[in-house]
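Engineer: Take this structure, written in structure tokens, and hold onto it; I'll ask about it next.
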């Protein structure tokens with residue numbers, strides 16, 4: 024059996040008394056669905072916490088030689104320019120070389136043109152977030168060092184030395200980092216440096232109608248005298264919410280292999296899929312066990328998934344969100360949500376006769392079609408093996 028083209032991951036998490044993801048007004052994010060309002064955790068919030076996790080399944084540990092990317096407007100200055108100046112290279116020469124490099128990837132900015140010939144005005148910071156992986160940063164630093172040594176501040180000589188830069192940059196294996204290979208990278212100006220996202224993440228939402236209340240709280244002033252009042256130095260309210268969240272993630276395996284190995288997408292079956300398999304295995308652990316939590320000090324918003332269902336197949340993915348078109352009611356809510364998933368997937372199988380391979384790991388007494396019910400660790404290992412070996 025060939026490796027699957029798509030991996031679908033469905034989860035249930037329960038979070039009582041939390042404020043996981045806020046909007047610009049400080050309230051919990053919400054989503055209308057099925058005629059009622061649900062609580063929501065944005066996909067951006069989920070991905071951020073998975074990227075930044077620092078446990079033994081951290082993305083940066085999958086292949087330390089590749090690591091993860093850095094996202095900052097100051098990457099060129101802080102991680103490339105400043106180390107070269109510390110080495111003793113002439114700052115003006117370094118700035119001239121790096122501005123020429125930036126022009127190759129992003130085009131010549133108006134700010135750079137106006138600053139020409141004015142050393143004090145040279146600014147390597149970008150107006151947008153720049154996503155660069157450690158292999159790319161190391162390569163650009165090495166090239167800047169070499170070109171500065173060969174061409175000095177001669178702009179014509181610098182341009183000649185940089186002619187092969189973009190081709191070599193694009194040829195770096197997983198140069199943008201593991202996380203960029205997963206979640207993508209947009210680069211203004213250089214289409215070839217863009218990375219399409221191989222991991223597609225839906226907004227998580229509650230299976231029931233949103234439940235929230237304003238939490239009135241105070242901060243006590245320890246030194247306020249008794250005669251001055253109660254001692255409250257600060258008064259405020261915060262949105263507190265509770266709910267069982269359905270999460271959905273799709274992995275485009277050919278694209279993930281292509282992003283990691285540098286091969287054409289059509290050649291993914293002939294490529295080494297070991298790194299892609301390790302990446303998916305780690306991601307499964309992060310999805311199940313990393314909380315996208317805010318207000319940790321006052322709510323302790325931690326949970327492991329009570330249900331993880333993984334599907335591997337070649338047909339277009341489809342969400343199980345419609346299992347919750349009608350809000351789930353009654354207790355225990357998480358068990359009823361698991362029942363809803365089980366019933367919904369059976370109705371889909373009855374209509375479409377799905378041939379997908381499935382694994383189910385859950386605390387609930389449910390099935391999911393022909394899914395093999397296993398422990399979570401075994402589930403993650405077997406999904407990775409299906410990608411690596413096509414078994």
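Numbering (the numbering used here), first residue to last: 24 to 414. The beta carbon of each residue, even a glycine, is placed where N, CA and C say it ideally should be.
Counting only the same chain and skipping the five closest in sequence on each side, list residues whose C-beta sits under 6 Å from that of residue 348.
Structural biologist: Once the five neighbours on either side are set aside, the close Cβ partners of residue 348 are 57.
Engineer: Taking 6 Å as the limit between beta carbons, can you name the residues of its chain near residue 76, skipping five residues before and five after?
Structural biologist: 309, 313.
Engineer: How big is the Cα-Cα spacing for residue 141 and residue 115?
Structural biologist: With a pLDDT of only 48 at residue 141, under 50, the local geometry of the prediction cannot be trusted, and the value read off the model is given with reservation. Going from the Cα of residue 141 to the Cα of residue 115 covers about 10 Å.
Engineer: So residue 333 and residue 64 are in contact, right, with Cβ under 8 Å, and what is the actual spacing, rounded?
Structural biologist: About 20 Å separates the two Cβ atoms, so there is no contact after all.
Engineer: Going by the CB atoms, is the gap between residue 225 and residue 7 shorter than 8 Å?
Structural biologist: Outside the displayed range of the chain (24 to 414) lies residue 7, so it cannot be described from this structure.
Engineer: Is DSSP giving residue 148 helix, strand or coil here?
Structural biologist: It is coil, neither helix nor strand.
Engineer: Return the CA-CA distance between residue 214 and residue 54, expressed in angstroms with no decimal places.
Structural biologist: Rounded to the nearest angstrom, the two C-alpha atoms are 34 Å apart.
Engineer: Measuring CB to CB, does residue 272 end up less than 8 Å from residue 222?
Structural biologist: Yes. Within cutoff.
Engineer: Cβ of residue 295 within 8 Å of Cβ of residue 267?
Structural biologist: Against a cut-off of 8 Å, the Cβ pair of residue 267 and residue 295 comes out as no contact.
Engineer: Going by other Cβ atoms of all chains shown within 10 Å of its Cβ, with 16 needed for buried, is residue 229 buried or exposed?
Structural biologist: With 16 or more Cβ atoms within 10 Å of its Cβ, residue 229 is classed as buried.
Engineer: Just to check my reading of the structure: residue 316 and residue 82 have Cβ atoms closer than 8 Å, yes? What is that Cβ distance to the nearest angstrom?
Structural biologist: Not a contact, Cβ separation roughly 18 Å.
Engineer: If residue 159 and residue 195 are in contact, beta carbons under 8 Å, what's the gap, nearest whole angstrom?
Structural biologist: That belief holds up - the Cβ atoms of residue 159 and residue 195 are roughly 6 Å apart, short of 8 Å.
Engineer: State whether the segment 93-103 contacts the segment 145-161, with contact taken as three or more CB pairs (one from each stretch) at a distance under 8 Å.
Structural biologist: Touching, yes.
Engineer: Who are the Cβ neighbours of residue 66 in its own chain at under 7 Å, not counting the five residues just before and after it?
Structural biologist: Within the same chain, residue 66 has close Cβ partners 224, 225, 226.
Engineer: At what residue ranges does the segment 163-213 contain a whole run of the alpha helix (DSSP H), taking only runs of 4 or more?
Structural biologist: Runs found: 178-184, 188-193, 201-206.
Engineer: For residue 290, is the classification buried or exposed, using 16 other Cβ atoms within 10 angstroms of its Cβ as the cut-off for buried?
Structural biologist: Flag for residue 290 reads exposed.
Engineer: Please list the terminal residues of the continuous beta strand (DSSP E) segment that includes residue 347.
Structural biologist: Residue 347 -> no beta strand (DSSP E), and no H or E assigned at all.
Engineer: What residue from 171, 240, 69, 79 has the CA that sits closest to residue 107's CA?
Structural biologist: Ranking the options by Cα distance to residue 107, first place goes to 171.
Engineer: Just curious, the alpha helix (DSSP H) that residue 311 is in, first and last residue?
Structural biologist: It spans 297-312 - the alpha helix (DSSP H) in which residue 311 sits, taken as one unbroken run.
Engineer: So residue 370 and residue 389 are in contact, right, with Cβ under 8 Å, and what is the actual spacing, rounded?
Structural biologist: Contact doesn't hold; Cβ gap of about 14 Å is too wide.
Engineer: Quick check on the burial criterion: 16 or more other C-beta atoms within 10 angstroms. Buried or exposed for residue 80?
Structural biologist: Residue 80 is buried by the Cβ-count criterion.
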